[in-house]
Amino acid sequence: MGSLNSLFGQQGNDFSYLIEKSYYLMYNDPKRSLEFSQDFIQINKTSDNQILYQNNIAKAYILQANFSQAVKSYSNVSEIIKGKRSSFYDLFLKYCLAELYQSLDLYSQSQEIITTTLKENKNLHHEKNELIKAKLYRIKAINNGILKNYNEAFYDLKQSNSFLNTNNLQSEILRIENEIYRGTLLLNTKKYTEADQLYTALLKNKIILKYTYIYASIQEQLARVKFLQQKPKESITLVQSGLHKIENKGFEKLNLDMYKLLSEAYLADNNIEEYRKYDLLYNESEDNITKDKRLAISYLVTVLESVNQEEIKFSKKEYSEKLYTFIISISLLILFLSIVFYFMKKREKELDKQFLFFEKFSIKSTASNNRKFSPSTLDNLKSKPLLSSETENILLDKLKLFEESEMYLSKQMSLSALAVNLDTNIKYLSEIIKNSKNKKFNAYINDLRIQYIINKLKTDSVYLNYKVSYLAEVTGFSSHSAFTAVFKSITGMSPNDFIKQINEQKNN
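All the letters of the sequence shown, read from the start, carry residue numbers 2 to 509 under my numbering.
Quick look at the structure:
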């Protein structure tokens, strides 16, 4: 601990200073924040101090997208306060759980805990409780934003700010984060100019320069605004600057968001090489994060069972009606999490069987050539004897799977490739398509591609902002001109005219 004393000098014994130092490090170097907090826990055994540091550790792990370790820190918090009951401990534990649920994309569960907790603690006005309430309202605002309850989300942010009556570092950061998320809500409600002005002003705020993560987050959000304003070059410049600031810092969740935005911006700017580079980085990062989230949910179920057991023991001792209600809520949440985890695993297995056949032709794997699809998707169909009376129906079933898979978006799609992987021959496949679809193979594929992009243009307004060259790339056409020609032959108008017509209909 000598290194900590040398770092902070005479302030080394001031707990409030040290906890804020841990918080400051979290937004600049989460690895150092973890080391600092873990060192301090070893020498300070006070429960109040330990749970605050454990919460900082959990938040640092969440920023690193290390969700299984964040669950472990939550488990440590519940262990520290085991057998100790106070309004602050109960409020703090529920806040930790609500934040953890949100980080694991369990927004409804997070929202349920927050709603109940705020109702139960509306009369608690201690400074510590008010800071936690501010954090709870912020989490609630994010949940509502994701669930598209935008008016409620704006209200929750105002409520969060109303509880920030102190001038410490945590309150300062929370005010800034609330303002950043207000910009996100403006963005989601298509108020691009207001969002642009808000983020531009924030970047000029000297206070924000102290926090690497926050500054880079604002750059990423402003870049998203520029992208939606059809300014891909400005978007790329902003994201690259932000990515450089957090390089090797371990902010993996923010890295993931930046990789995704960069891939979209480079594609919109017709820089296919850079698009593929960042698309690959995004897919690799997303895969790792998704796997850890699944592991974390499984671990959380076990932790909550342990917490539930402790609550049961306490309820028998205290006969508290309020505690019984909490136990039932926790039990239902455990049951729900167990069901969620079970169906996630079941769905994963089904998807493996259903889509492994198609994934090699996905647009996101255009960098790989000459791969064959996995035959696992068609195991059940292949196991049937191909009697002449069944052949046509089986092949039609396979074509239906093919149409649902969006495999037709791949540039590598050809009659021979599809025939091999549908376990038939070119001549027979061509005949089946001609008889059942009343068109030749190329026309059949082109029609599927155009219907796909028409649906996207009608249902996802983001696509209305893309260049025609990007739409051509997404749908697997070899060139802008080929896409335009096919689009016009099917719809009777050019892609630009079609987009213009949709925009006019929306404005009216």
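We put the beta carbon where it would ideally sit given N, CA and C, even for glycine. Quantities reported herein were computed from a predicted structural model and do not represent experimental measurements.
### Message
Within a Cβ cutoff of 8 Å, which residues of the same chain sit near Asn508, ignoring the five residues on either side of it in sequence?
### Response
Taking the sequence shown and counting its residues from 1, one reaches residue 508 at position 507. Within its own chain, no residue has a Cβ closer than 8 Å to the Cβ of Asn508 once the five positions on either side in sequence are excluded.
### Query
Is there contact between the region 267 to 277 and the region 293 to 308, where contact requires at least three CB pairs shorter than 8 Å?
The answer is no - the region 293 to 308 does not touch the region 267 to 277, with fewer than three Cβ pairs under 8 Å.
### Query
What is the DSSP secondary structure of Lys489, reduced to helix, strand or coil?
To locate residue 489, count along the sequence shown from 1; it is residue 488. Correct three-state label for Lys489: helix.
### Message
If you reduce the DSSP assignment to three classes, tell me which class Tyr28 lands in.
### Response
Counting from 1 along the sequence shown, the entry for residue 28 is found at position 27. Tyr28: coil per DSSP, three-state reduction.
### Message
Using a Cβ-Cβ cutoff of less than 7 Å, which residues in the same chain neighbour Leu165 once the five nearest sequence positions on both sides are dropped?
### Response
Position 164 of the sequence shown holds residue 165. The answer, listed in chain order, is Ala135, Ser172, Leu175, Arg176.
### Rounded separation between Gln43 and Ser74 - CA only
Residue numbering aside, residue 43 sits at position 42 when the sequence shown is read from its first letter. Residue numbering aside, residue 74 sits at position 73 when the sequence shown is read from its first letter. Between the C-alpha atoms of Gln43 and Ser74 there is a straight-line separation of about 14 Å.
### Three-state class that DSSP yields for Leu513 in the structure shown
Limits of the chain in this structure are 2 at one end and 509 at the other, which puts residue 513 out of reach.
### Query
Hey, Val226 and Ala266: beta-carbon distance below 8 Å or not?
As a position in the sequence shown, residue 226 is number 225, starting the count at 1. As a position in the sequence shown, residue 266 is number 265, starting the count at 1. Between Val226 and Ala266, the gap from beta carbon to beta carbon reaches 8 Å or more.
### Query
Of all the alpha helix (DSSP H) runs that stay within the bounds of the region 246 to 318, which reach a length of 4 or more residues?
Complete alpha helix (DSSP H) runs here, min 4: 253 to 269.
### Simplified DSSP state of Lys134, which is helix, strand or coil
Here the question's residue 134 lines up with position 133 in the sequence shown. Reduced to three states, the DSSP call for Lys134 is helix.
### Message
Please state whether the Cβ-Cβ distance between Ile219 and Leu204 is less than 8 Å.
### Response
For the purposes of this step, residue 219 is identified with residue 218 of the sequence shown, where counting begins at 1. For the purposes of this step, residue 204 is identified with residue 203 of the sequence shown, where counting begins at 1. Their beta carbons are under 8 Å apart, which means Ile219 touches Leu204 by this criterion.
### Query
If we count the other Cβ atoms within 10 Å of its Cβ and call it buried at 16 or more, is Leu296 buried or exposed?
Start at 1 with the first residue of the sequence shown, and residue 296 comes out as number 295. By the 16-neighbour rule on beta-carbons within 10 angstroms, Leu296 is exposed.
### Query
Can you give the Cα-Cα distance for Leu229 and Val463, rounded to whole angstroms?
The residue labelled residue 229 in the question sits at position 228 within the sequence shown. The residue labelled residue 463 in the question sits at position 462 within the sequence shown. Looking at the backbone, the Cα of Leu229 and that of Val463 are separated by about 7 Å.
### Message
Under DSSP, the alpha helix (DSSP H) around Asn57 begins and ends at which residues?
### Response
Here residue 57 corresponds to residue number 56 of the sequence shown, with the count starting at 1. From DSSP, the alpha helix (DSSP H) with Asn57 extends over 48 to 64.
### the region 469 to 487 / the region 410 to 426 touching (three or more Cβ pairs under 8 Å)
Contact check between the region 469 to 487 and the region 410 to 426: three or more CB pairs, one atom from each, fall below 8 Å, which counts as touching.
### Message
For the structure I just gave you, are there three or more beta carbon pairs, one from the region 104 to 123 and one from the region 75 to 84, closer than 8 Å?
### Response
Cβ pair count under 8 Å is below three, so no.
### Task
Determine contact between the region 251 to 260 and the region 279 to 291, defined as no fewer than three beta-carbon pairs at a distance below 8 Å.
Between the region 251 to 260 and the region 279 to 291, the count of Cβ pairs shorter than 8 Å is three or higher; the stretches touch.
#### Entry: Residues of its chain near Ile209, where Cβ-Cβ distance is below 8 Å and the 5 sequence neighbours each way are ignored
On the sequence shown, residue 209 is found 208 positions in, with the first residue counted as 1. Sequence-distant Cβ neighbours of Ile209 in its own chain, meaning closer than 8 Å and more than five residues away, are Ile177, Leu203, Ile215, Tyr216, Ile219.
### Query
Less than 8 Å separating the beta-carbons of Lys32 and Gly251?
In the sequence shown, counting from the first residue as 1, residue 32 sits at position 31. In the sequence shown, counting from the first residue as 1, residue 251 sits at position 250. In this structure, Gly251 lies closer than 8 Å to Lys32 by Cβ.
### Where Ile503 sits in the DSSP three-state scheme
To locate residue 503, count along the sequence shown from 1; it is residue 502. Correct three-state label for Ile503: helix.
### Message
Looking at the secondary structure, which residues open and close the alpha helix (DSSP H) in which Phe164 lies?
### Response
One-based indexing of the sequence shown puts residue 164 at position 163. For Phe164, there is no enclosing alpha helix (DSSP H), since its DSSP letter is neither H nor E.
### Query
Could you give the residue range of the alpha helix (DSSP H) that holds Gln220?
In the sequence shown, the residue the question calls residue 220 occupies position 219. Residues 213 to 229.
### Pair within 8 Å by beta-carbon distance, Asn189 and Tyr151
Counting from one through the sequence shown, the residue named residue 189 turns up at place 188. Counting from one through the sequence shown, the residue named residue 151 turns up at place 150. Contact: yes.
### Task
Could you name the residues of the same chain whose beta carbon sits closer than 7 Å to that of Tyr283, not counting the 5 residues immediately before and after it, in chain order?
The residue given as residue 283 occupies position 282 in the sequence shown. Closer than 7 Å at Cβ, skipping near neighbours: Leu257, Tyr260, Lys261, Ser264.
### Message
According to DSSP, is Asn17 part of a helix, a strand, or is it coil?
### Response
Within the sequence shown, residue 17 is the residue found at index 16, counting from 1. Per the sequence shown, residue 17 should be read as Ser rather than Asn. Helix at Ser17.
### Query
Buried or exposed: Met494, going by 16 or more other Cβ atoms within 10 Å of its Cβ?
On the sequence shown, residue 494 is found 493 positions in, with the first residue counted as 1. Classification of Met494: exposed, given that the 10 Å Cβ count is below 16.
### Query
Using the rule of at least 16 other Cβ atoms within 10 Å of the residue's Cβ for burial, across every protein chain shown, is Ser490 buried or exposed?
In the sequence shown, counting from the first residue as 1, residue 490 sits at position 489. With fewer than 16 Cβ atoms within 10 Å of its Cβ, Ser490 is classed as exposed.
### Query
Among Lys232, Tyr467, Asn394, Ile340, which one has its Cα closest to the Cα of Ser437?
Taking the first residue of the sequence shown as 1, we reach residue 437 at position 436. Checking every option, the nearest Cα to that of Ser437 belongs to Asn394.
### Query
In three-state terms, what does DSSP make of Phe478?
On the sequence shown, position 477 is the one that residue 478 refers to. Residue state, collapsed to three classes: coil.
### Message
Just to confirm my understanding: we take Lys501, look at its own chain, exclude 5 residues before and 5 after, and list those with CB closer than 7 Å. What are they?
### Response
The residue you call residue 501 lines up with position 500 of the sequence shown. Hits under 7 Å: none found.
### Task
Round the Cβ separation of Leu53 and Ile82 to the nearest angstrom and send it over; I've been treating them as touching at under 8 Å.
To locate residue 53, count along the sequence shown from 1; it is residue 52. To locate residue 82, count along the sequence shown from 1; it is residue 81. Wrong, their Cβ atoms sit about 12 Å apart, outside the cutoff.
### Query
Any idea what DSSP makes of Glu407, helix, strand or coil?
For the purposes of this step, residue 407 is taken as residue 406 along the sequence shown, with counting starting at 1. Three-state result, Glu407: coil.
### Query
Relative to the C-alpha of Ser88, which residue among Asn456, Leu119, Ala61, Gln112 is closest?
Stepping through the sequence shown from its first residue, residue 88 is reached at position 87. Of the candidates Asn456, Leu119, Ala61, Gln112, the one whose C-alpha sits nearest the C-alpha of Ser88 is Leu119.
### Query
How many angstroms separate the CA atom of Thr238 from the CA atom of Glu407?
Counting from one through the sequence shown, the residue named residue 238 turns up at place 237. Counting from one through the sequence shown, the residue named residue 407 turns up at place 406. The straight-line gap from Cα to Cα measures roughly 32 Å.
### Query
Do you know whose CA, among Tyr25, Phe41, Phe499, Leu158, lies nearest Ile451's CA?
Here residue 451 refers to the residue found at position 450 when the sequence shown is read from its first residue. Per the Cα distances, Phe499.
### Query
What do you get for Tyr445, buried or exposed, if any count of 16 or more other CB atoms within 10 angstroms of its CB means buried?
By one-based count along the sequence shown, residue 445 stands at place 444. Around the Cβ of Tyr445, a 10 Å sphere holds 16 or more other Cβ atoms; the residue is buried.
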